[in-house]
């Protein structure tokens with residue numbers, strides 16, 4: 001009699017344990033799989049570099065080589081020596097080394113996110129990663145760093161807002177240069193959203209994360225907040241991951257993320273739209289004037305199109321432009337660009353265009369502008 005009572009109870013307990021394991025093991029396997037993929041990326045795809053080599057290349061991470069700082073990392077200019085064609089010849093190569101602040105909560109996750117995203121992508125307008133380093137330093141502390149191509153012209157922010165630049169005055173970017181940079185960024189995101197498997201969501205597009213080569217062509221970097229979506233999506237948020245935990249950057253974060261809405265390609269589109277408006281108005285979306293519900297998007301929308309030239313960056317409307325027949329063509333070009341920026345930065349994600357559409361539109365705008373002999 002006792003056996004008849006005990007057997008069903010024991011069977012039920014075993015069944016419950018089995019069900020719990022069935023749910024827990026796949027999740028753990030998923031975490032391990034991601035970690036193993038990252039480890040494989042570090043071991044097999046990229047050349048190895050030691051802490052000692054990075055320390056030597058950066059002058060022991062000297063402050064004089066510091067070229068960028070952020071919440072999760074510092075970026076240093078590094079000089080590596082490689083063997084040339086002859087046995088005694090050595091060639092110097094300048095690179096950028098991003099060293100992660102591992103004491104900062106979320107820094108290790110940021111490192112893994114960058115490795116995971118950069119394992120998948122290769123595009124001329126995305127910063128190219130040369131190698132990663134995950135080891136310990138001379139004091140036995142964990143150390144993680146990413147080595148990438150060095151961009152001699154720094155980030156886009158210092159060109160858009162040169163008054164606060166620490167490296168001396170910079171020549172204002174011309175309309176054509178800004179349009180070329182905008183197209184480079186759009187092409188990069190068109191690739192990430194529509195030509196990557198899985199789809200890559202950057203989640204932190206802003207001028208500081210757009211780096212410029214010597215010829216002022218642009219590369220998008222810093223994938224520390226990037227999310228990977230298992231299936232390609234367009235503007236739909238149905239299958240997207242939650243944006244809870246994504247901080248992004250004030251002024252560029254889409255409104256739906258602030259409400260805990262799902263991550264989607266439309267979020268990147270919003271950030272791109274704000275950046276586009278910033279590039280051609282010269283207004284920083286975090287300026288003091290943008291408060292109490294007034295955003296850069298609202299500010300531009302109220303002036304568009306009748307008072308467009310009142311809000312355009314004055315550096316674009318030079319005396320030469322005002323006194324020539326180029327003025328009308330410049331106005332037409334600016335109006336077309338601003339229209340794309342306004343559509344991309346609409347409050348409702350359903351009303352935003354895709355990055356593929358935005359890139360195509362900007363290419364057409366440039367073709368028309370240059371066809372009229374404006375360089």
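Numbering (UniProt numbering), first residue to last: 1 to 375. From the three backbone atoms N, C-alpha and C, an ideal C-beta is built for every residue, glycine too.
Tell me whether the beta-carbon of residue 362 lies closer than 8 Å to the beta-carbon of residue 188.
Here residue 362 is taken as the residue at index 362 of the chain shown, counted from 1. Here residue 188 is taken as the residue at index 188 of the chain shown, counted from 1. Going by C-beta atoms, residue 362 is not nearer than 8 Å to residue 188.
Alpha carbon of residue 98 to alpha carbon of residue 142, nearest angstrom
Taking the first residue of the chain shown as 1, we reach residue 98 at position 98. Taking the first residue of the chain shown as 1, we reach residue 142 at position 142. If you take the alpha carbons of residue 98 and residue 142, they lie about 15 Å apart.
Have a look at the DSSP bridge pairing and note the partners of residue 129.
By one-based count along the chain shown, residue 129 stands at place 129. According to the DSSP secondary-structure assignment, residue 129 is paired through a beta bridge with 148.
Does DSSP put residue 71 in a helix, in a strand, or in coil?
Start at 1 with the first residue of the chain shown, and residue 71 comes out as number 71. Correct three-state label for residue 71: coil.
Residue 52 burial status per 10 Å Cβ neighbour count (16 or more: buried)
Here residue 52 refers to the residue found at position 52 of the chain shown. Exposed: under 16 other Cβ atoms inside 10 Å.
Evaluate contact between the stretch 89-108 and the stretch 137-156, counting only Cβ atoms and requiring at least three cross-stretch pairs below 8 Å.
yes
Keeping to the same chain, check which residues put their C-beta closer than 6 Å to that of residue 175; ignore five residues upstream and five downstream.
Locating residue 175 in the chain shown gives position 175, where the first residue counts as 1. For residue 175, where only same-chain residues beyond five positions count, the Cβ hits under 6 Å are 316.
Using C-beta distances below 8 Å, list every residue in its chain close to residue 183, excluding the 5 sequence neighbours before and after it, in chain order.
On the chain shown, residue 183 is found 183 positions in, with the first residue counted as 1. Closer than 8 Å at the Cβ level, and outside the excluded window around residue 183, lie 359, 362, 363, 366.
Would you mind working out which of 301, 260, 270, 349 sits nearest residue 339, comparing C-alpha positions?
To locate residue 339, count along the chain shown from 1; it is residue 339. It is 301.
Give a yes or no on whether the C-beta atoms belonging to residue 125 and residue 55 are separated by under 8 Å.
Translated into positions along the chain shown, residue 125 becomes position 125. Translated into positions along the chain shown, residue 55 becomes position 55. For residue 125 and residue 55, no; Cβs fall outside 8 Å.
Please classify residue 233: does DSSP put it in a helix, a strand, or coil?
Position 233 of the chain shown holds residue 233. At residue 233, the pLDDT of 44 sits below 50, so the modelled position is not reliable; the number obtained from the coordinates is stated separately. Residue state, collapsed to three classes: coil.
Helix, strand or coil for residue 458 per DSSP?
With the chain covering only 1 through 375, there is no way to say anything about residue 458.
Since I believe residue 227 is in contact with residue 263 (beta carbons under 8 Å), could you give me their beta-carbon distance rounded to a whole number of angstroms?
The sequence position of residue 263 within the chain shown is 263, counting from 1. The sequence position of residue 227 within the chain shown is 227, counting from 1. Contact holds; Cβ gap of about 5 Å.
Given residue 135, which residues of its chain have a CB within under 6 Å of its CB, disregarding the five upstream and five downstream residues?
Your numbering for residue 135 matches position 135 in the chain shown. These residues qualify, in order along the chain: 51, 143.
Per DSSP, residue 96 forms a beta bridge with which residues?
Counted from its first residue, the chain shown places residue 96 at position 96. BP columns for residue 96 point to 77, 148.
Which runs of the beta strand (DSSP E) at least 3 residues long sit entirely within the stretch 148-212? Give them in chain order.
199-201, 210-212
Within 8 Å, do at least three Cβ pairs link the stretch 323-332 to the stretch 292-301?
no
Using 10 angstroms around the beta-carbon of residue 369, count the other beta-carbons present and answer buried if the total reaches 16, otherwise exposed.
Here residue 369 refers to the residue found at position 369 when the chain shown is read from its first residue. Under this definition residue 369 is a buried residue.
Smallest Cα separation from residue 275: which of 308, 310, 208?
By 1-based counting over the chain shown, the position of residue 275 is 275. Ranking the options by Cα distance to residue 275, first place goes to 208.
Span of the alpha helix (DSSP H), counted from its first residue to its last, around residue 269:
Along the chain shown, read from residue 1 onward, the residue named residue 269 stands at position 269. From DSSP, the alpha helix (DSSP H) with residue 269 extends over 265-281.
Assign residue 347 to buried or exposed, taking buried as 16 or more other Cβ atoms, counted over all protein chains shown, within 10 Å of its Cβ.
Here residue 347 is taken as the residue at index 347 of the chain shown, counted from 1. By the 10 Å Cβ count, residue 347 comes out exposed.
Extent of the continuous alpha helix (DSSP H) run through residue 368
Position 368 of the chain shown, counted from the first residue, corresponds to residue 368. Start and end: 355-371.
Secondary structure of residue 111, DSSP reduced to three states
Counting from 1 along the chain shown, the entry for residue 111 is found at position 111. Residue 111: helix per DSSP, three-state reduction.
Under three-state DSSP, which class holds residue 136?
Within the chain shown, numbered from 1, the residue matching residue 136 stands at position 136. Note: residue 136 maps to strand in three-state DSSP.
From 271, 312, 146, pick the residue whose C-alpha is nearest to that of residue 280; which is it?
By 1-based counting over the chain shown, the position of residue 280 is 280. When only C-alpha atoms are compared, the closest one is 312.
Could you check where the alpha helix (DSSP H) with residue 327 kicks off and where it finishes?
Numbered from 1 along the chain shown, position 327 holds the residue referred to as residue 327. Note, residue 327: alpha helix (DSSP H), 326-344.
Which of helix, strand or coil DSSP assigns to residue 287
Along the chain shown, one-based indexing puts residue 287 at 287. Here residue 287 sits in coil by DSSP.
I need the DSSP call for residue 62, collapsed to helix, strand or coil.
Along the chain shown, one-based indexing puts residue 62 at 62. Coil at residue 62, not helix or strand.
Residues that DSSP places opposite residue 292 in a beta bridge:
Mapped onto the chain shown, residue 292 falls at position 292. BP columns for residue 292 are empty, so no partner.
Alpha helix (DSSP H) segment containing residue 51, residue limits
Stepping through the chain shown from its first residue, residue 51 is reached at position 51. Annotation: the continuous alpha helix (DSSP H) that includes residue 51 extends over 51-57.
In whole angstroms, what is the alpha-carbon distance linking residue 343 and residue 112?
Working through the chain shown from its first residue, we reach residue 343 at position 343. Working through the chain shown from its first residue, we reach residue 112 at position 112. Roughly 33 Å separates the two Cα atoms.
In angstroms with no decimal places, state the Cα-to-Cα distance between residue 104 and residue 221.
For the purposes of this step, residue 104 is identified with residue 104 of the chain shown, where counting begins at 1. For the purposes of this step, residue 221 is identified with residue 221 of the chain shown, where counting begins at 1. Approximately 20 Å between the Cα atoms of the pair.
State the CB to CB distance for the pair residue 156 and residue 181, rounded to an integer number of angstroms; the pair is presumed to be in contact (CB under 8 Å).
In the chain shown, the residue the question calls residue 156 occupies position 156. In the chain shown, the residue the question calls residue 181 occupies position 181. Going by Cβ atoms, the distance from residue 156 to residue 181 rounds to 7 Å, so yes, they are a contact pair.
Below 8 Å on the Cβ atoms is my contact criterion, and I expect residue 277 with residue 308 to pass it. Report the Cβ-Cβ distance as a whole number of Å.
Indexing the chain shown from 1 puts residue 277 at position 277. Indexing the chain shown from 1 puts residue 308 at position 308. That belief does not hold up - the Cβ atoms of residue 277 and residue 308 are roughly 12 Å apart, past 8 Å.
At which residues does the alpha helix (DSSP H) containing residue 311 begin and terminate?
Numbered from 1 along the chain shown, position 311 holds the residue referred to as residue 311. Residue 311 -> alpha helix (DSSP H) spans 308-311.
Could you tell me which residues DSSP pairs with residue 349 in its beta bridges?
Sequence index remark: in the chain shown, residue 349 carries index 349 (1-based). According to DSSP, which records beta bridges pairwise, residue 349 is partnered with nothing at all.
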